[in-house]
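In the working numbering, the protein residues as written are 18 to 280.
Cβ atoms here follow ideal geometry from the backbone N, Cα and C, with glycine treated the same way.
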């Protein structure tokens, strides 16, 4: 069974439309947006785990790099994972629901994770790589801390896709700095995701190239597209504009020692 076969039944057009409708609530109603995204992400990772391991994820340690507020903690705990969140920004960490007792959160950078090699079963990063100046250093760290035979799920927003500019809208096609200046003029304050400091131009090709060099890539697919549109991720140039978010699924090889030291 292919690793995506279990999840594929969820990847319907109705799911895509439902998630697209939620995006507009990211800033006015973050609980609604992040709650829906967290539930969908927990279902995705659970299905990927079941496809690879053939069993439920009960008790498996999941490290969420860039976990932000507690929405993902709640969703993954309900799914049966033992959740650990990593977040460098304390304000972001406390922007959501109260973290429940027993949920571990660590303040740290995703590019220098304070965890031992081969220490977690699943390492997730959801929509974080585009906010990191060295995204593939983050990816290497995720591989380093994941047990051989475990799963790494790295999902990020493609710069040239329709959501690449985040809250600045499609103005990013005229340049990230110009889009940020326009947003500041219109809104009276700079965007939360400011190009060059907290938002970077990451392409689909960049992620696929990095993933292929690791030797650990299982599959890659568009996160929010229906199953019948997943072929787009395999077409150069087209994927940069039509694949809004790429999911890279990797499995560290079962071998002695670690070959994924951060560069």
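220 is the residue among 159, 266, 220, 233 whose C-alpha sits nearest the C-alpha of residue 252. Between residue 42 and residue 32, the C-beta spacing is not below 9 Å.
A check of alpha carbon separations from residue 30 across 185, 264, 245 identifies 245 as the nearest. The Cβ-Cβ distance between residue 65 and residue 20 falls below 9 Å. Under the DSSP assignment, residue 23 falls outside any beta strand (DSSP E), being part of the alpha helix (DSSP H) whose first and last residues are 22-25.
Burial is judged here by how many other beta carbons sit within 10 angstroms of a residue's own beta carbon; residue 210 has at least 16 and is buried. Less than 9 Å separates the beta-carbon of residue 68 from that of residue 22. By the neighbour-count definition (other C-beta atoms within 10 Å, threshold 16), residue 77 is a buried residue. Looking at 58, 40, 51, 47, the one whose alpha-carbon comes closest to that of residue 27 is 58. Residue 63 is positioned such that its CB atom lies no closer than 9 Å to that of residue 87.
In terms of Cβ geometry, residue 265 and residue 225 form a close pair [threshold 9 Å].
Cβ contact annotation for residue 75 (same chain, cutoff 6 Å, sequence separation greater than five): 97, in chain order. In the structure shown, residue 170 adopts extended strand secondary structure according to DSSP, grouped into three states. Secondary structure at residue 157: helix, using DSSP grouped into helix, strand and coil.
Between residue 90 and residue 84, the C-beta gap is smaller than 9 Å, which places the two residues in contact.
Straight through space, the alpha carbons of residue 174 and residue 228 are spaced by roughly 16 Å. Closest in alpha carbon position to residue 130, among 150, 160, 147, is 160. A residue is called buried when at least 16 other Cβ atoms come within 10 angstroms of its Cβ; residue 37 does not meet this threshold and is exposed. Residue 252: not part of any alpha helix (DSSP H); DSSP gives it neither H nor E. Counting C-beta pairs closer than 8 Å gives three or more between the stretch 178-185 and the stretch 197-212, which meets the contact rule. Classified as exposed, residue 214 has fewer than 16 neighbouring CB atoms from the shown chains inside 10 Å of its CB.
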